[in-house]
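Worksheet: one structure, shown below.
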Amino acid sequence: TFSRHQLRPRGSSKRLGPLGDQSFLGLLRTKNLSREKLVDVLRAAVVEQKGPLVTLNKPQGLPVTGKPEELTLFSVLPELSQSLGLGKQELQVVRAPGKETSGLVLLSSCPQTASCLQKFFSHSRRAQRPTATYSAVTVGIPGVSEGKIQAALKLEPTDGVNLVVPVRNPSRKDILEGVKKTLSRFRVVATGSGCALVQLQPLTVFPNQLQVHMILQLCPVLGDHMYSARVGTVLGQRFLLPPENAKPQRQVLDETLLRRLHLTPSQAAQLPLHLHLHCLLIPGPRPRDTPIELLAPLPPYFSRTLQCLGLHQQ
1 TFSRHQLRPR GSSKRLGPLG DQSFLGLLRT KNLSREKLVD VLRAAVVEQK GPLVTLNKPQ
61 GLPVTGKPEE LTLFSVLPEL SQSLGLGKQE LQVVRAPGKE TSGLVLLSSC PQTASCLQKF
121 FSHSRRAQRP TATYSAVTVG IPGVSEGKIQ AALKLEPTDG VNLVVPVRNP SRKDILEGVK
181 KTLSRFRVVA TGSGCALVQL QPLTVFPNQL QVHMILQLCP VLGDHMYSAR VGTVLGQRFL
241 LPPENAKPQR QVLDETLLRR LHLTPSQAAQ LPLHLHLHCL LIPGPRPRDT PIELLAPLPP
301 YFSRTLQCLG LHQQ
């Protein structure tokens, strides 16, 4: 029987260790984290293992890929496969959010299954049917309760980091040189304390697409220390700064919001990105079956933020 799967980590989220500290419970602390400990964390985050598919709820701060010497999800897949009793059937990543985003990761130990899933995701994108739904807390409230965000984006090297910048009226040459037209849906779920809980559904794939799309709505994601500086405020009115005039810096929150969150400015500087891959659709066992909906609960620090801001999910 296929139905909704409410994904809950097997381990307690309240114990201190790699996934807990006094400020932000559930936040992965990667400093001095060993490979063995990371495998333990990921094993505890596994929410379902069915046939060749393994789903887990990735903690914020864990990169999926990286340099050979870096500790990433990809780097410990052989050990995780062994730990889950898969033997020589090594897992591969089918779908996963980026480093700063928490939420659903879909793994497969069968190349044919992985290929089938990738085709499903690609076909859904071409048909503009969303398969992923993210939850985000934004600083500021979008001007409309729901809609679409369209923007041409490109990666631009800045001080050794590739930053995503919007491109107005891209030419054909721009498209050939890496500019991509992107599209997301959004819906405001709740508002409070000048912030919003927003549901986001990307219909295209581009690095940091959702963060930049919310910047274009003048509502940066809470904990976005990369792009939030692009939104300026004068006499209470928000406006968009050119990327060249707003280099990445720690997100600055006003005193009222800090009090609501019960955070000091130094704690706010360490605030994790409040962007979580909450729901993922995968195909049913037969072609005409309704897609299966996988759900991942929010990290404890995310839930605490909602409580502090009075953002009650419906």
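Every letter in the sequence shown is one number past the one before it in UniProt numbering, and letter 131, counting from 1, is 131.
Heads up, the beta-carbon is just placed ideally off N, CA and C, and yes, glycines get one too.
Just so you know, these numbers come straight off a predicted model, no measurement behind them.
Can you list, in chain order, the residues of its chain whose CB lies under 6 Å from that of arginine 185, leaving out five sequence neighbours each side?
Lys148, Gln201
In terms of residues, what are the limits of the alpha helix (DSSP H) holding leucine 258?
255-261
Would you identify the three-state DSSP class for glutamine 49, choosing helix, strand or coil?
Note: glutamine 49 maps to strand in three-state DSSP.
Taking the C-alpha atoms as reference points, what is the distance between arginine 238 and valine 231?
Arginine 238 and valine 231: Cα-Cα distance of roughly 7 Å.
In whole angstroms, give me the CA-to-CA distance for methionine 214 and proline 285.
36 Å
So, using beta-carbon positions, are arginine 95 and leucine 106 closer together than 7 Å?
Contact annotation: arginine 95 and leucine 106 have beta-carbon atoms nearer than 7 Å.
Restricting to runs no shorter than 3 residues, where is the beta strand (DSSP E) found entirely within the segment 77-140?
92-95, 102-108, 132-139
I'd like to know whether the C-beta atoms of arginine 260 and leucine 309 end up nearer to each other than 7 Å.
It is a contact, given that the beta carbons lie within the stated cut-off.
For proline 166 and glutamine 150, what's the separation of their Cα atoms in angstroms?
10 Å
Name the residue from Lys31, Thr138, Ala229, Arg125 whose alpha carbon lies nearest to the alpha carbon of asparagine 245.
Residue Ala229 holds the alpha-carbon nearest to the alpha-carbon of asparagine 245 among Lys31, Thr138, Ala229, Arg125.
Supposed contact pair phenylalanine 24 and proline 272 - C-beta distance, whole angstroms, cut 8 Å
6 Å
On the criterion of 16 or more Cβ atoms from any shown chain inside 10 Å, does glutamate 255 qualify as buried, or is it exposed?
With fewer than 16 other Cβ atoms within 10 Å, it is exposed.
Which word fits valine 164, buried or exposed, when buried means at least 16 other C-beta atoms lie within 10 angstroms of its C-beta?
buried
In the DSSP assignment, what residue or residues form a beta bridge with cysteine 195?
Its beta-bridge partners are Val139, Gly192.
Name the DSSP beta bridge partners of lysine 247, please?
Its beta-bridge partners do not exist; DSSP assigns none.
Helix, strand or coil: how does DSSP classify histidine 213 here?
helix
Are histidine 274 and valine 137 closer than 7 Å when you measure CB to CB?
yes
Cut-off 6 Å between Cβ atoms - residues of its own chain near serine 81, not counting five sequence neighbours on either side
Excluding residues within five positions, the ones whose Cβ falls inside 6 Å are Glu90, Leu91.
Taking the beta strand (DSSP E) that leucine 281 falls in, what are its first and last residues?
275-282
Looking at the structure shown, is glutamate 146 part of a helix, part of a strand, or coil, going by DSSP?
strand
DSSP three-state label for alanine 152, please.
strand
Nearest CA to the CA of leucine 222: which residue from Gln270, Phe120, Asp289?
Gln270
For serine 135, collect the residues of the same chain with a Cβ closer than 6 Å to its Cβ; drop the 5 residues on either side in sequence, then sort them by chain order.
Shown here for serine 135: same chain residues with a beta carbon closer than 6 Å to its own, the five before and five after excluded, namely His276, His278 in chain order.
Classification of leucine 153 by the beta-carbon crowding that lies within 10 angstroms, buried from 16 upward:
buried
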